[in-house]
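In this text, residue positions in the sequence shown follow our numbering: the first is -14, and each later residue adds one. Ideal placement from N, C-alpha and C gives every residue a C-beta, glycine not left out.
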Amino acid sequence: MKNKLIERILFSILIIVISIVNILLGKPSNIYVDTFYILIGLIAFVYTIFDYYMYNKNRKEVDDQLSKEYDERDELVDGKVSKITLKVILTTIFIVMFVSKFTIINGDISLFIILVTFIITEFLARKYYNYII
């Protein structure tokens, strides 16, 4: 597990600093938005510190769980999941192409439909094959 403490802290500090600069140099109408960004930055900072503390507290357990080897069963599940996902995605593409002949469908909407179908199908197929095998 890669330790991302420094990146998270720098990101939250960057959000806070940019928001403070916007408050000092910006319009008065953006004060509420910038205050919200400062709040988000503070929440991210506190979460990072808390997450780092909990990781160090349970480091041995977390490392043991993440170091499990990738066995043949996982490879079989991944193969079956990718096969069923590909079939469903191709079917979705054909349906979107067919429907687009009769109605106007933007490219963004069709890609969103395909992406959502992919995410749902992969999740359900992985859950199903992990249950079966």
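Isoleucine 0 versus aspartate 19 - alpha carbon distance
Residue mapping note: residue 0 aligns to position 15 of the sequence shown, counting from 1. Residue mapping note: residue 19 aligns to position 34 of the sequence shown, counting from 1. So the two alpha carbons sit approximately 9 Å from each other.
First and last residue of the uninterrupted alpha helix (DSSP H) at serine -3
Taking the sequence shown and counting its residues from 1, the one referred to as residue -3 is at position 12. Where serine -3 is concerned, the enclosing alpha helix (DSSP H) stretches over -10 to 10.
Using three-state DSSP, classify isoleucine 104 as helix, strand or coil.
Position 119 of the sequence shown, counted from the first residue, corresponds to residue 104. Here isoleucine 104 sits in helix by DSSP.
DSSP state of phenylalanine 87 mapped onto helix, strand, coil
On the sequence shown, residue 87 is found 102 positions in, with the first residue counted as 1. Residue state, collapsed to three classes: coil.
Given a cut-off of 8 Å, decide if threonine 76 and phenylalanine 103 are closer than it, judged by their beta-carbon atoms.
Start at 1 with the first residue of the sequence shown, and residue 103 comes out as number 118. Start at 1 with the first residue of the sequence shown, and residue 76 comes out as number 91. Not closer than 8 Å, so no.
Can you give the Cα-Cα distance for tyrosine 22 and isoleucine 78, rounded to whole angstroms?
Indexing the sequence shown from 1 puts residue 22 at position 37. Indexing the sequence shown from 1 puts residue 78 at position 93. Answer to the nearest angstrom: the Cα atoms are 39 Å apart.
Check the C-beta distance from valine 81 over to tyrosine 114 and give it rounded, since I have them as a contact under 8 Å.
Translated into the one-based positions of the sequence shown, residue 81 becomes position 96. Translated into the one-based positions of the sequence shown, residue 114 becomes position 129. Between tyrosine 114 and valine 81 the Cβ distance is about 26 Å, and since that is not below 8 Å, they are no contact.
Give me the residue from Lys68, Ile5, Ile99 and Glu(-8) with the minimum Cα distance to arginine 111.
Residue 111 sits at position 126 when you count from the first residue of the sequence shown. Comparing Cα positions, the closest option is Lys68.
Measure the C-alpha to C-alpha separation of isoleucine 94 and leucine 109 and round it to an integer number of angstroms.
Within the sequence shown, the letter at position 109 stands for residue 94. Within the sequence shown, the letter at position 124 stands for residue 109. The alpha-carbon atoms of isoleucine 94 and leucine 109 are separated by roughly 22 Å.
Smallest Cα separation from isoleucine -6: which of Asn43, Ile99, Gly92 and Thr33?
Looking up residue -6 in the sequence shown gives position 9. The option with the nearest alpha carbon to isoleucine -6 is Thr33.
With C-beta atoms as the reference, is valine 73 less than 8 Å away from threonine 106?
Translated into positions along the sequence shown, residue 73 becomes position 88. Translated into positions along the sequence shown, residue 106 becomes position 121. In this structure, threonine 106 lies closer than 8 Å to valine 73 by Cβ.
Does glycine 26 pass the burial test, meaning 16 or more other C-beta atoms within 10 Å, or should it be called exposed?
Stepping through the sequence shown from its first residue, residue 26 is reached at position 41. Classification for glycine 26: buried.
Rounded to the nearest angstrom, what separates methionine -14 and isoleucine 89 at their Cα positions?
What you label residue -14 is simply residue 1 of the sequence shown in a count that begins at 1. What you label residue 89 is simply residue 104 of the sequence shown in a count that begins at 1. With a pLDDT of 46 at methionine -14, under the threshold of 50, the predicted position of this residue should be treated as unreliable, though the coordinate-derived value follows. Looking at the two C-alpha atoms, the distance is approximately 46 Å.
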